[in-house]
Amino acid sequence: MSQEAAEAWVTLEEGVPVEVLRAEIAAWARRIGVEPKSVRIRRMAHKWASCSSRGNLTFNVELAAQPASFRAEAIVHELLHLKVPNHGKLFNALMKSYLAGPR
């Protein structure tokens, strides 16, 4: 299996398929009311995710192997940067607000 094919699928024993991760990202984006310019899922050496100033999001493929609550926190964190570029009071309040409600 190629590296690309391996990254495109994570077995259920390890986590969720990457397609499920993509669906979770899309669902949270709709809920938050943002549209990323692009969403990439690939191996990242030291981060779970990142958001560029141009609105491009990148998520570590290994995020798919993490618990749902951890995935949600990483996804919401990056998507909120499309609204709030820093980690100030508004950002933290929005994080708490989105993660406290029903998913």
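Residue numbering for the sequence shown follows the working numbering, starting at 98 and increasing by one per position. For each residue, glycine too, the CB sits at the ideal point set by N, CA and C.
Query	Result
In the structure shown, what three-state DSSP assignment does residue 70 receive?	Residue coverage of the chain in this structure runs from 98 to 200, which leaves residue 70 outside it and unanswerable.
Considering residue 165, what are the terminal residues of the alpha helix (DSSP H) in which it resides?	165-177
In this structure, does DSSP put residue 142 in helix, strand or coil?	coil
Check whether the segment 125-139 and the segment 147-159 touch, using three or more Cβ-Cβ pairs below 8 Å as the test.	yes
Determine the burial state of residue 116: buried for a count of at least 16 other Cβ atoms within 10 Å of its Cβ, exposed for fewer.	exposed
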